[in-house]
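For the sequence shown, my numbering assigns the number 43 to the initial residue and increments by one for each residue that follows. The structure under discussion appears below in the form of structure tokens.
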Amino acid sequence: MTIKKTHNALIRPNRRLFLQGTAALAGASALAAPSIGRAQSKELYINSWGGPWLEAATENLFNPFTEATGITVNTVSPVSFAKLAAQVRTGVYEFDVTTLGGGDIVAANNAGLLEPIASPYPGGLFQNGVGSHAFATMMAWRTDKGWEETPQSWADFWDVERFPGGRSLQRYPARVLPLALLADGVAMEDLYPLDIDRAFAKLDEIKEHVRVWWTGGAQSTQLLRDGEVDMIGIWHGRYFEAADAGAPVDFTWNQAELDSAYWVVAKETPNMEAAKMFVEFATSAEPLAGFVSQANYGALNPAADEFIPDAAKPRMPTAPGNVETTFTQDMLNWGGDPQEVAMRFDEWLAS
43 MTIKKTHNAL IRPNRRLFLQ GTAALAGASA LAAPSIGRAQ SKELYINSWG GPWLEAATEN
103 LFNPFTEATG ITVNTVSPVS FAKLAAQVRT GVYEFDVTTL GGGDIVAANN AGLLEPIASP
163 YPGGLFQNGV GSHAFATMMA WRTDKGWEET PQSWADFWDV ERFPGGRSLQ RYPARVLPLA
223 LLADGVAMED LYPLDIDRAF AKLDEIKEHV RVWWTGGAQS TQLLRDGEVD MIGIWHGRYF
283 EAADAGAPVD FTWNQAELDS AYWVVAKETP NMEAAKMFVE FATSAEPLAG FVSQANYGAL
343 NPAADEFIPD AAKPRMPTAP GNVETTFTQD MLNWGGDPQE VAMRFDEWLA S
């Protein structure tokens with residue numbers, strides 16, 4: 043039996059409101075039969091990215107949610123689309139809630155892996171996910187390489203004569219192919235739909251210089267911080283992690299690629315009501331503002347802006363002065379089947 047819950051717009055959550063919600067949940071659960079797995083437990087399992095993301099989420103989302111509801115939050119790492127698909131298929135759940143970027147959420151929704159959910163704030167729903175925050179893939183480099191110029195674009199990233207040295211990019215074609223087109227002279231406003239063949243042709247030019255195709259945020263930070271590569275396409279939060287550690291590095295917001303992270307609930311997860319309650323809490327104004335301020339993200343709920351201190355904004359990709367030089371990933375007008383392109387990308391890497 044599925045318990046249905048009506049979501050109301052929530053701008054400023056407080057302990058009393060969420061305790062009332064939890065009490066109502068408990069009453070409804072008493073009528074449901076039979077219980078499934080952890081359905082009656084006061085625990086929630088959330089798929090975590092680790093690192094600075096986990097630190098900010100624990101302090102601003104997980105602990106306050108537990109304090110407000112009495113529901114303990116447990117984290118499972120790393121974030122894995124494959125695990126999401128497997129648990130929905132088998133009914134054996136490692137986590138109830140996760141975040142997905144624009145590419146993965148479209149694929150997950152098309153595959154029926156996500157539970158329908160209401161938007162806690164106006165305009166917050168996309169593909170059965172609730173918008174949490176924006177993050178950027180941007181170009182960063184070591185400043186100890188002795189280059190006579192400062193790189194400013196993805197064309198410079200591809201220019202190994204003016205800027206010699208090893209490169210690194212994420213092993214994720216949805217984010218890398220647009221960068222290749224920018225390097226080939228396509229204007230940001232003309233990127234979508236992507237010219238897939240042209241992007242692969244441009245990738246051919248840089249392939250031998252890419253020492254590492256990174257697959258995790260911590261890995262990208264380490265590559266830049268320790269000087270294993272000289273230039274990298276990296277998530278902005280992971281860049282600042284390297285910079286704050288004292289590494290001789292710099293970056294540009296120019297041509298940074300904005301992606302969005304969405305909270306989603308795994309299809310038919312046993313902790314359905316607690317999961318949806320958490321998503322509502324995590325995307326409401328004050329908790330979200332605390333999270334993005336600590337982790338340097340851009341809040342997708344406009345109501346959070348009022349609670350974000352000015353000192354935190356320069357590191358946010360969506361802040362005035364930064365966002366104007368970026369472009370936004372467009373998975374609904376991408377230019378091809380992302381799964382087919384991903385297979386082609388893997389074959390290209392292996393060739």
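Built from N, CA and C at the ideal position, the CB exists for glycine as well. Remember, it's a predicted structure, so these values are computed and weren't measured experimentally.
Taking the beta carbon of residue 194 as the centre, do at least 16 other beta carbons fall within 10 Å, making it buried, or is it exposed?
Walking along the sequence shown from the start, residue 194 turns up at place 152. Exposed.
Taking three-plus beta-carbon pairs below 8 Å as touching, is the stretch 197-210 in contact with the stretch 332-344?
With a cut-off of 8 Å, the stretch 332-344 and the stretch 197-210 do not count as touching, because too few Cβ pairs lie within range.
Helix, strand or coil at residue 179 [DSSP, three-state]
Looking up residue 179 in the sequence shown gives position 137. It is a strand residue.
According to DSSP, residue 273 sits in a beta bridge with which residue or residues?
On the sequence shown, position 231 is the one that residue 273 refers to. The partner list for residue 273 (beta bridge, DSSP) reads 183 and 209.
Is the distance from the Cβ of residue 377 to the Cβ of residue 360 below 7 Å?
Looking up residue 377 in the sequence shown gives position 335. Looking up residue 360 in the sequence shown gives position 318. No, the Cβ-Cβ distance between residue 377 and residue 360 is not below 7 Å.
Should residue 89 go down as buried or exposed, given a rule of 16 or more other Cβ atoms within 10 Å for buried?
Against the sequence shown, residue 89 aligns to sequence position 47. Around the beta carbon of residue 89, 16 or more other beta carbons sit within 10 angstroms, so the residue counts as buried.
How is residue 93 classed by DSSP in three states: helix, strand or coil?
Counting from 1 along the sequence shown, the entry for residue 93 is found at position 51. The answer is helix: DSSP assigns residue 93 an H, G or I state.
Out of curiosity, what's the CA-to-CA distance linking residue 114 and residue 308?
Here residue 114 corresponds to residue number 72 of the sequence shown, with the count starting at 1. Here residue 308 corresponds to residue number 266 of the sequence shown, with the count starting at 1. Residue 114 and residue 308: Cα-Cα distance of roughly 18 Å.
Cut-off 6 Å between Cβ atoms - residues of its own chain near residue 117, not counting five sequence neighbours on either side:
The count along the sequence shown starts at 1 and reaches residue 117 at position 75. Taken in chain order, the residues that qualify are 88 and 90.
Rounding to the nearest angstrom, what Cα-Cα distance links residue 266 and residue 278 in this structure?
What you label residue 266 is simply residue 224 of the sequence shown in a count that begins at 1. What you label residue 278 is simply residue 236 of the sequence shown in a count that begins at 1. Taking the straight line joining both Cα atoms gives about 12 Å.
Could you round the C-beta distance between residue 157 and residue 311 to whole angstroms and report it? I think they count as a contact, below 8 Å.
Your numbering for residue 157 matches position 115 in the sequence shown. Your numbering for residue 311 matches position 269 in the sequence shown. Right, their Cβ atoms sit about 7 Å apart.
Over the uninterrupted beta strand (DSSP E) stretch that includes residue 296, give me the two end residues.
By one-based count along the sequence shown, residue 296 stands at place 254. That run of the beta strand (DSSP E) goes 291-307.
What three-state label does DSSP hand residue 339 in the structure shown?
Taking the sequence shown and counting its residues from 1, one reaches residue 339 at position 297. Coil.
Answer with buried or exposed for residue 111, where buried requires no fewer than 16 other C-beta atoms within 10 angstroms of its C-beta.
Against the sequence shown, residue 111 aligns to sequence position 69. Result: buried.
As assigned by DSSP and simplified to three states, the class of residue 135
If you number the sequence shown from 1, residue 135 lands on position 93. The answer is coil: DSSP assigns residue 135 none of H, G, I, E or B.
Use the C-beta contact count for residue 124: other C-beta atoms within 10 angstroms, 16 or more gives buried, fewer gives exposed.
Along the sequence shown, read from residue 1 onward, the residue named residue 124 stands at position 82. The residue is exposed, with fewer than 16 neighbouring Cβ atoms inside 10 Å.
In whole angstroms, what separates the C-alpha of residue 149 from that of residue 286?
Indexing the sequence shown from 1 puts residue 149 at position 107. Indexing the sequence shown from 1 puts residue 286 at position 244. Residue 286 has its alpha-carbon roughly 35 Å from the corresponding atom of residue 149.
Per DSSP, residue 126 is paired with what?
The residue you call residue 126 lines up with position 84 of the sequence shown. According to DSSP, residue pairing for residue 126 in a beta bridge does not occur.
Are the beta-carbon atoms of residue 323 and residue 139 separated by less than 7 Å?
Stepping through the sequence shown from its first residue, residue 323 is reached at position 281. Stepping through the sequence shown from its first residue, residue 139 is reached at position 97. Not closer than 7 Å, so no.
Taking the CB atoms as reference points, tell me whether residue 177 and residue 301 lie closer together than 7 Å.
One-based indexing of the sequence shown puts residue 177 at position 135. One-based indexing of the sequence shown puts residue 301 at position 259. Pairing residue 177 with residue 301 gives a Cβ-Cβ distance under 7 Å.
Taking 6 Å as the limit between beta carbons, can you name the residues of its chain near residue 354, skipping five residues before and five after?
Translated into the one-based positions of the sequence shown, residue 354 becomes position 312. Excluding the 5 residues flanking it on each side, residue 354 has same chain C-beta neighbours closer than 6 Å at 335, in chain order.
If you follow the beta strand (DSSP E) that residue 254 is in, where does it begin and where does it stop?
Counting from one through the sequence shown, the residue named residue 254 turns up at place 212. Residue 254 -> beta strand (DSSP E) spans 252-256.
Counting only the same chain and skipping the five closest in sequence on each side, list residues whose C-beta sits under 7 Å from that of residue 96.
By 1-based counting over the sequence shown, the position of residue 96 is 54. Only 90 and 117 meet the Cβ criterion.
Exposed or buried, what is residue 134 when buried is set at 16 or more other beta-carbons lying within 10 Å of its beta-carbon?
Numbered from 1 along the sequence shown, position 92 holds the residue referred to as residue 134. It counts as exposed.
On the CB-based measure, 16 or more other CB atoms within 10 Å of its CB, does residue 186 come out buried or exposed?
As a position in the sequence shown, residue 186 is number 144, starting the count at 1. Exposed is the label assigned to residue 186, since fewer than 16 other Cβ atoms lie within 10 Å of its Cβ.
Exposed unless 16 or more other CB atoms sit within 10 angstroms - verdict on residue 388
Along the sequence shown, one-based indexing puts residue 388 at 346. With fewer than 16 Cβ atoms within 10 Å of its Cβ, residue 388 is classed as exposed.
Look at residue 179 and residue 240 and say whether their C-beta atoms are less than 7 Å apart.
If you number the sequence shown from 1, residue 179 lands on position 137. If you number the sequence shown from 1, residue 240 lands on position 198. If you check the CB distance, residue 179 and residue 240 do not come in under 7 Å.
N- and C-terminal bounds of the beta strand (DSSP E) containing residue 118
Residue numbering aside, residue 118 sits at position 76 when the sequence shown is read from its first letter. Annotation for residue 118: the continuous beta strand (DSSP E) segment containing it runs 114-118.
Three-way DSSP call (helix, strand, coil) for residue 108 in this model:
Counting from one through the sequence shown, the residue named residue 108 turns up at place 66. The answer is helix: DSSP assigns residue 108 an H, G or I state.
Report the rounded CA-to-CA distance for residue 159 versus residue 207, giving the unit in angstroms.
Looking up residue 159 in the sequence shown gives position 117. Looking up residue 207 in the sequence shown gives position 165. For residue 159 and residue 207, the distance between alpha carbons rounds to 47 Å.
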